[in-house]
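Reviewing the structure listed below.
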Amino acid sequence: MDLKSFLAVDISNQFLHLNGRQPRTHELNDLLSMIKCFHDVDRMSAFTLVHRRYPIQSEWQNLKRAR
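Mind the numbering: the sequence shown is residues 0 to 66 in numbering that gives the first Met the number 0, read in order.
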């Protein structure tokens with residue numbers, strides 16, 4: 000299994016683990032790290048990918064303020 004396949008499975012498992020609930024901050028950070036590796040995107044783009052699936056307004060606002 001190549002690295003991209005491994006990361007894809009890992010990301011999928013993380014989303015399954017959430018079982019439809021919003022991720023906690025540490026889970027969100029883990030997902031961002033994995034997605035950043037997988038897509039090779041900047042932090043804001045990785046956050047946007049997660050935010051589309053799990054709208055977390057306070058985290059989004061904090062990140063926008065930090066930029």
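Backbone N, C-alpha and C fix where the C-beta goes; we use that ideal spot for every residue, glycine too.
Remember, it's a predicted structure, so these values are computed and weren't measured experimentally.
N12 carries a helical assignment under DSSP once its states are collapsed to helix, strand and coil. Excluding its 5 nearest sequence neighbours in each direction, I10 has C-beta neighbours in its own chain below 8 Å: L30, M33, I34, F37, listed in chain order. Distance from the CA of E26 to the CA of L17, rounded to the nearest whole angstrom, comes to 9 Å.
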